[in-house]
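Okay, so here's the structure we're looking at.
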Amino acid sequence: MENFERFPLTIYNSLSRKKEAFTPINTPFVGLYVCGPTVYSEVHIGNMRSFITFDVLFRYLSHLGYKVRYVRNLTDVGHMLDDDGEDRVLKRARLEKLEPMEVVQKYSNYFHDVCKQFNLLPPSIEPTATAHIIEQIQMAQKILDQGMAYVSNGSVYFDVEAFDKKHGYGALSGRKIDELQSNSRKLDGQDEKRSPLDFALWKNAGPEHIMRWPSPWGEGFPGWHLECSVMSTKYLGETFDIHGGGMDLKFPHHECEVAQNVASSGEAPVRYWMHANMLTMNGTKMSKSLGNAISIEELINGGKFSRAFSEMSIRFFLLQAHYSSTVDISESAIEAAEKGFERLQQAWKALINMERSSGEANMELDAATKKLLDQVYVELSNDLNTPKAIAVLFDLANTVNSIKNQQIPGSSLTEETLSRLKLEFPKILEDILGLKLSSEAKSDHLDGVLELMLRMRNQARADRNFALADQIRDQLKDAGVELKDGKNGTEYELN
RNA sequence: GGUCACGUGGCCGAGUGGCUAGGCAGUGGUCUGCAAAACCAUCUACAGCGGUUCGAAUCCGCUCGUGACCUCCA
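Quick note, the first sequence lines up with residues 3 to 497 if you use this note's numbering.
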């Protein structure tokens with residue numbers, strides 16, 4: 003029996019606005035598409051939140067026994083316009099005196115570095131928009147052939163009204179076309195469009211535009227939303243299982259994606275839409291344009307808060323909130339999470355070498371422990387409820403720590419349950435939640451030196467020379483080595 | 001202005017008709033030479049006002065407050 007049968011997954015589907023049982027089109031295969039970053043500048047911690055969310059989803063789906071093809075794109079063509087009408091990649095290229103593709107490469111590398119730091123698994127396929135120009139031209143043509151787009155001035159625009167009449171537009175974001183019309187703003191290039199709601203499939207490149215490709219409509223570049231439609235179709239098919247992305251992409255990006263796919267294939271592209279909510283700062287969305295984004299450097303190396311935090315503490319902090327809620331980032335909140343994570347790590351470490359002592363098991367505790375282990379998967383299967391799953395881990399950590407410190411007998415759990423705990427507890431943390439045990443840079447040299455120090459200190463303690471013993475402890479602490487006297491002798495920890 | 005969310009104890013954050021997560025901080029205790037850690041106990045909340053119900057933090061209505069989207073954004 004596969005794990006996905008034991009712990010059937012439910013997902014909150016943004017499209018239906020309901021929690022639904024997850025059934026892949028072709029079990030056990032799952033197609034997952036996630037909108038990646040636009041690589042014109044450094045990703046910040048807000049961006050990373052949604053990538054971490056879908057990393058956990060990817061990991062959990064795999065853990066459930068699904069064979070997942072995870073496609074996450076890189077947007078490497080400057081299709082977006084600043085207020086001053088300038089393409090962001092091009093602007094960045096000009097500012098940094100780089101080729102546009104150099105900008106793209108630089109920030110792609112950066113993104114990959116950050117992903118690695120936060121322990122994200124690489125996706126199965128990471129396609130780029132510029133490598134799929136031909137396919138994008140083809141899809142634009144197909145939509146034109148269906149009569150749902152028109153050419154204007156060398157650009158191709160999607161005809162939202164024509165599409166709406168035939169298929170209906172706005173289901174994902176819950177918008178109505180007439181409401182949108184009355185609310186739309188005057189934007190640049192609007193006169194080329196029949197309606198302000200229409201969006202570009204292909205844009206005619208002005209002479210200053212460096213990123214340009216030939217097309218049936220003249221030289222230009224693909225529009226906003228087309229790459230995701232094209233690449234998801236190419237690698238996952240016309241209809242696939244899950245599409246994820248940040249909440250802020252729901253409209254217009256995802257809505258347009260749906261429209262393009264439906265217009266060109268006649269099929270709804272996505273069965274389950276998932277949207278990760280925003281990371282906020284003092285209650286306001288973190289975004290580069292608002293100037294309140296926290297960079298990765300500021301968190302990891304310090305600068306934003308009074309001290310630095312590790313990647314794993316931040317990852318843990320983010321997972322302590324449900325992906326569908328906003329989370330507010332603050333120093334005290336990360337600090338609280340960090341301390342909790344530390345406790346979990348203590349249990350994790352203790353478990354590695356834990357051996358059952360002989361004696362009678364506490365069958366009540368044993369049964370409760372088994373139940374808690376199952377409970378973790380039940381919670382994760384409930385729309386990826388990581389905070390609840392983590393809460394269960396804390397309950398398990400209590401038992402582990404109690405055994406470790408001999409507060410309850412070392413025989414409390416049966417051999418079977420202890421082995422299961424030893425196997426699954428780290429697996430949940432590491433393989434599913436993607437957390438790493440903070441590595442202690444121990445070396446044999448240091449071990450030897452510390453052993454000597456500990457022996458000398460313990461001798462001092464035996465001699466009741468507490469002044470010396472405390473001096474050793476205090477000075478080691480200043481040097482970054484914390485001593486803890488336990489029932490099984492003294493342990494040390496490197497900070 | 002339109003659309004949609006949200007408002008939970010000192011703080012962060014789950015839950016979503018009855019069984020009152022969890023973390024951090026605090027308080028009391030066990031352990032310890034002391035400390036740290038750990039464990040045990042404790043503090044027991046759902047913006048306000050109405051309504052539905054045997055029963056509401058959870059459903060409905062109104063009020064207040066906050067935010068997101070409607071323009072690039074994860």
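A virtual CB, placed ideally from N, CA and C, is assigned to each residue, including glycine. Note that this is a predicted model, so its numbers are computed, not measured.
Query, Result
"Does the Cβ-Cβ distance between Ala95 and Ser157 come in under 8 angstroms?", "no"
"Between the segment 312-322 and the segment 372-379, do three or more beta carbon pairs fall short of 8 angstroms?", "no"
"Quick one: which unbroken alpha helix (DSSP H) runs of 4-plus residues sit fully inside the segment 167-229? Chain order, please.", "179-185"
"Name the two residues that bound the continuous beta strand (DSSP E) containing His277.", "Val272 to Ala278"
"With distances taken from CA atoms, which of Ile136, Asn155, Asp161 and Ala370 is nearest Gln148?", "Asp161"
"Going by beta-carbon coordinates alone, are Asn279 and Met288 separated by less than 8 angstroms?", "no"
"Rank Glu417, Gly285 and Phe53 by C-alpha distance to the C-alpha of Gly361 and give the top, closest one.", "Glu417"
"Evaluate Gly436 with the Cβ neighbour count: other Cβ atoms within 10 Å of its Cβ, from every protein chain shown; 16 or more gives buried, anything less gives exposed.", "buried"
"For Ser421, count the other beta carbons within 10 Å of its own beta carbon; 16 or more makes it buried, fewer makes it exposed. Which is it?", "exposed"
"Using only the alpha-carbon positions, how far apart do Phe427 and Leu395 sit?", "8 angstroms"
"Straight-line CA distance for Tyr152 to Pro39?", "29 angstroms"
"Would you say Met233 and Pro129 are within 8 angstroms of each other, going by their C-beta atoms?", "yes"
"Are there 16 or more other CB atoms within 10 angstroms of the CB of Phe468, so buried, or fewer, so exposed?", "exposed"
"Secondary structure at Ile410, three-state DSSP: helix, strand or coil?", "coil"
"Quick one: what does DSSP say Val79 is sitting in, helix, strand or coil?", "coil"
"Quick check on DSSP: helix, strand or coil for Asp385?", "coil"
"Considering only residues of the same chain and omitting the five flanking positions on each side of Lys168, which have a CB-CB separation below 6 angstroms?", "none"
"Candidates Leu496, Asn403 and Leu353: which alpha carbon is nearest Lys429's?", "Leu353"
"Would you mind sorting Ile136 into buried or exposed? The rule is 16 or more other CB atoms within 10 Å of its CB.", "exposed"
"Specify, as a first and last residue, the run of the alpha helix (DSSP H) that Gly342 falls within.", "Glu333 to Ile354"
"Rounded C-beta distance between Leu97 and Phe9? I'm assuming under 8 angstroms.", "Not confirmed; about 50 angstroms, so no contact."
"By how many angstroms is the C-alpha of Asn490 removed from the C-alpha of Glu44?", "48 angstroms"
"If the criterion is Cβ atoms closer than 8 angstroms, does the pair Ile13 and Tyr274 meet it?", "yes"
"For a test of the three-state rule: what should DSSP assign to Asn28, helix, strand or coil?", "strand"
"Is the segment 52-65 touching the segment 29-39, taking contact as three or more C-beta pairs under 8 angstroms?", "yes"
"Assuming Ile316 contacts Ile47 (C-beta within less than 8 angstroms), just tell me the rounded distance between them.", "7 angstroms"
"Per DSSP, which one or two residues make a beta bridge with His245?", "Tyr35 and Trp275"
"Considering only their Cβ atoms, is the gap separating Asn407 from Gly488 smaller than 8 angstroms?", "yes"
"Here's the rule I'm using: 16 or more other beta-carbon atoms within 10 Å means buried, otherwise exposed. How should Gly176 be labelled?", "exposed"
"For Ile244 and Val483, what's the separation of their Cα atoms in angstroms?", "47 angstroms"
"Ile302 to Tyr109, Cα distance in whole Å?", "18 angstroms"
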